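Q: First, the structure itself, so that you have it in front of you.
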Amino acid sequence: MLAIRSLKHLYYLLQTNKKEIEEILSKIDDFYKPFPKPKMNKDGTVRIKNGIIETRKICPSIGRLKEIQNRIKIQILRKYEFQDFVQGGVKGKDNISNAAIHKGNKYFFTTDLKDFFPSVNNKDVYKVFVENGFSPDVSSIITKLTTYKGNVPQGIPTSNYVTNLAALPIDLDLLKLCEGKGIKYTRFVDDLSFSSKKDFQHLLPEIIHIITSNGLRINYRKTRYKIGPTEITGIEVRNNIIKASNNVRMKYSTASDEKRKQSLKSYIDRIKKVSHGEIKK
């Protein structure tokens with residue numbers, strides 16, 4: 266990621282100017298349209314707790330702000346080359362490539378981070394850019410354009426890249442713990458996966474401590490240590506293969522809409538090809 270040291274250079278890359286940025290930031294509420302999105306169970310049903318539908322806040326941007334955020338993503342954020350342990354929200358990687366990294370292992374620890382996007386605040390984002398060599402004034406403007414009400418909103422073009430960058434110090438601490446112990450680690454947005462051919466249950470307290478001591482919260486309802494075949498980011502991982510989950514295969518067999526059925530078939534075929542090494546992970 267090329268460090269930007271002047272606002273003039275930033276505005277050139279974003280195809281904008283100081284006046285337009287100031288106008289957008291002065292009316293920032295007009296450029297976001299938040300709405301609640303129901304959380305879903307693995308079987309596709311809406312998740313309900315105490316009689317109330319569980320939701321997450323999605324906050325998509327609109328208009329000129331969205332266009333500028335797309336420019337930030339393309340001209341700045343995509344230039345950063347993430348290591349293979351970052352599998353979510355990065356071009357060329359997905360839930361299938363994430364699961365494939367763990368095939369062939371026997372012991373698995375998977376967990377999910379609670380409220381991952383809002384847990385990354387504007388100070389975290391500002392720090393990311395300053396530490397990557399951006400000037401303070403440029404870092405400040407980019408932070409204001411990629412955060413809303415003090416946090417990273419879920420649903421804007423830059424959110425995955427910004428949160429990935431902010432989470433890197435935690436990733437590196439976890440990777441350091443895993444190195445030399447035969448443990449593979451990946452993060453797919455807010456899903457963390459660890460696997461090994463050897464039992465590593467004794468390391469779980471240390472893994473959890475690294476995560477929580479950095480201000481992140483674990484969703485214990487989605488936290489599991491398992492021996493044998495398991496599901497990672499919606500993909501079944503077993504022995505030396507990965508395959509579509511039972512839920513996906515059931516949806517395929519019962520799909521009545523031809524377009525939907527074809528889409529599921531393409532997805533299942535891609536999983537098979539990655540599993541057999543026919544296409545790059």
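Residue numbers (the numbering used here): 266 to 546. Glycine residues also receive a C-beta, built at the ideal position from the N, C-alpha and C atoms. Since we're looking at a predicted model, the values are computed, not measured.
Between I323 and Q466, is the Cβ-Cβ spacing less than 8 Å?
A: No. Outside cutoff.
Q: Applying the criterion that 16 or more other CB atoms from any shown protein chain within 10 Å of the CB defines a buried residue, is Q549 buried or exposed?
A: The structure shown has nothing for residue 549, since the chain only spans 266 to 546.
Q: Rounded to the nearest angstrom, what separates H367 and V502 at their Cα positions?
A: Using only the alpha carbons, I get a separation of about 7 Å.
Q: Inspect the beta-carbon positions of G447 and K462 and report whether they are closer than 8 Å.
A: Contact flag set, yes.
Q: Which class does R525 belong to by DSSP, given the choice of helix, strand or coil?
A: If DSSP states are grouped into helix, strand and coil, R525 belongs with the helices.
Q: Residue range of the alpha helix (DSSP H) that R514 falls in?
A: Unbroken alpha helix (DSSP H) run through R514: 511-519.
Q: Just mark K487 as buried or exposed, buried being the case when its beta carbon has 16 or more other beta carbons within 10 Å.
A: By the neighbour-count rule (16 or more Cβ atoms within 10 Å), K487 is not buried but exposed.
Q: Could you check what DSSP says for N484 in three-state terms: helix, strand or coil?
A: In this structure, N484 counts as strand in the three-state DSSP scheme.
Q: Could you tell me which residues DSSP puts in a beta bridge with Y413?
A: Looking at the DSSP assignment, Y413 forms a beta bridge with N416.
Q: Can you say whether D359 is buried or exposed, counting buried as having 16 or more other CB atoms within 10 angstroms of its CB?
A: By the neighbour-count rule (16 or more Cβ atoms within 10 Å), D359 is buried.
Q: Between which two residues does the beta strand (DSSP E) carrying Y372 extend?
A: Looking at the DSSP string, the run of the beta strand (DSSP E) that includes Y372 is 372-379.
Q: List the whole-angstrom C-beta distance separating F399 from I286, where the pair is believed to meet the contact cut-off of C-beta under 8 Å.
A: F399 to I286, Cβ: 16 Å. No contact.
Q: I think S326 touches F296, with their Cβ atoms under 8 Å apart; what is that distance to the nearest whole Å?
A: Yes, they are in contact, since the Cβ atoms of S326 and F296 sit about 6 Å apart, within 8 Å.
Q: With hydrogens ignored, establish whether the beta-carbon of N386 is closer than 7 Å to any heavy atom of the ligand NAD.
A: The ligand NAD is not part of the structure shown, which contains no ligands of any sort.
Q: For N505 and E543, I'd like the C-alpha separation in whole angstroms.
A: Cα-Cα distance, rounded: 14 Å.
Q: What distance in whole Å lies between the Cβ atoms of V395 and A431, which are believed to be in contact at a cut-off of 8 Å?
A: That pair is no contact at about 12 Å.
Q: Going straight from the alpha carbon of N282 to that of K273, what length do you get?
A: Rounded to whole angstroms, N282 to K273 spans 8 Å at the Cα level.
Q: Rounded to whole angstroms, what is the Cα-Cα separation between Y345 and L433?
A: About 12 Å.
Q: Hey, quick one: how far does the alpha helix (DSSP H) through F240 stretch, first residue to last?
A: This structure cannot settle anything about residue 240, because the visible part of the chain is limited to 266 through 546.
Q: Report the rounded CA-to-CA distance for N397 versus N387, giving the unit in angstroms.
A: Each residue's Cα considered, the two are about 16 Å apart.
Q: CA-CA distance, R489 and L440?
A: Spanning the two alpha carbons is a distance of roughly 19 Å.
Q: Relative to the C-alpha of D534, which residue among T519, I507, A520 is closest?
A: The shortest Cα separation from D534 among T519, I507, A520 belongs to I507.
Q: Find out if the Cβ-Cβ distance for the pair I536, Y372 is shorter than 8 Å.
A: No, these two residues do not count as a Cβ contact at 8 Å.
Q: So is G243 buried or exposed if we call it buried at 16+ other beta carbons inside 10 Å?
A: In the structure as shown, the chain begins at 266 and stops at 546. Residue 243 is therefore absent and cannot be evaluated.
Q: I need the boundaries of the alpha helix (DSSP H) containing F394, first residue and last residue.
A: Per DSSP, F394 belongs to the alpha helix (DSSP H) from 387-396.
Q: For T477, name the three-state secondary structure that DSSP assigns.
A: In this structure, T477 counts as helix in the three-state DSSP scheme.
Q: Where does F300 fall in DSSP's three states?
A: If DSSP states are grouped into helix, strand and coil, F300 belongs with the strands.
Q: Out of curiosity, what's the CA-to-CA distance linking D464 and F374?
A: About 10 Å.
Q: Starting from the C-beta of V355, find all residues in its chain whose C-beta is less than 6 Å away, skip the five residues before and the five after it, and write them out in chain order.
A: Same-chain partners within the cutoff: F347.
Q: Once you ignore the five residues that flank I483 on each side, which residues in its own chain have a CB closer than 8 Å to its CB?
A: Correct list, in chain order: T376, D377, L378, K379, I473, I476, T477.
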